[in-house]
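Just so we're aligned: the sequence shown equals residues -18 to -1, 1 to 93 in mature numbering (1 follows the signal peptide of the UniProt record, and there is no 0).
What follows is a single structure, written as structure tokens, with notes after it.
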Amino acid sequence: MSIVKVLSMCSLVAVTYAGVVPVAPFAAPVALAPLKAEYEDVHPQYQFAYQVQDALTGDSKLQQESRDGDIVRGSYSLVDPDGYQRTVNYYADPVNGFNAVVHRQLPLTAP
């Protein structure tokens, strides 16, 4: 029983002299500067176009589009699975919104 008393006494002394580990203080939040656009294009303009003709898969499509200020116009064309060629011409502006006209043309070869 004396060993139990010695171990209990040693444990009590160890707990008594144990120091408290200080908790690291929280860092102050970093103030972020508000993001500001450096450049604002008041009259944006662009043009792009692409075309795909893949004989292996039969994929055939093209698109072109341009923007001048608030007016966007363009078209795209593709071959539907039934062989018809679909062409969409579109135009968008702040007054009339988005308008599209779809044309389907008969296939050049029999499907």
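Think of the CB as a built atom: it goes at the ideal place given N, C-alpha and C, for glycine as much as any other residue.
Treat the numbers as computed from the prediction; the structure is a model and nothing was measured.
Does the stretch 40 to 54 come within contact of the stretch 10 to 19, defined as at least 3 CB pairs closer than 8 Å?
no
Could you pull the DSSP bridge partners for S48 from this structure?
As a first step, residue 48 is located in the sequence shown; it is residue number 66 there, counting from the start. Per the DSSP secondary-structure output, S48 pairs in a beta bridge with Q29 and R55.
Span of the beta strand (DSSP E) around T69:
Translated into the one-based positions of the sequence shown, residue 69 becomes position 87. Here the beta strand (DSSP E) through T69 covers Q67 to D75.
Are Q27 and R55 closer than 9 Å when you measure CB to CB?
Indexing the sequence shown from 1 puts residue 27 at position 45. Indexing the sequence shown from 1 puts residue 55 at position 73. Contact flag unset, no.
Just the Cα atoms here: how many angstroms apart are L60 and Y32?
On the sequence shown, position 78 is the one that residue 60 refers to. On the sequence shown, position 50 is the one that residue 32 refers to. Spanning the two alpha carbons is a distance of roughly 12 Å.
Which of helix, strand or coil does DSSP assign to V83?
Within the sequence shown, numbered from 1, the residue matching residue 83 stands at position 101. Reduced to three states, the DSSP call for V83 is strand.
Per DSSP, what kind of secondary structure is V61 in: helix, strand or coil?
For this step, residue 61 is matched to residue 79 along the sequence shown. Here V61 sits in strand by DSSP.
Work out the CA separation of R86 and residue 121 for me, nearest whole Å.
A question about residue 121 goes unanswered here, because the residues of the chain that appear run from -18 up to 93.
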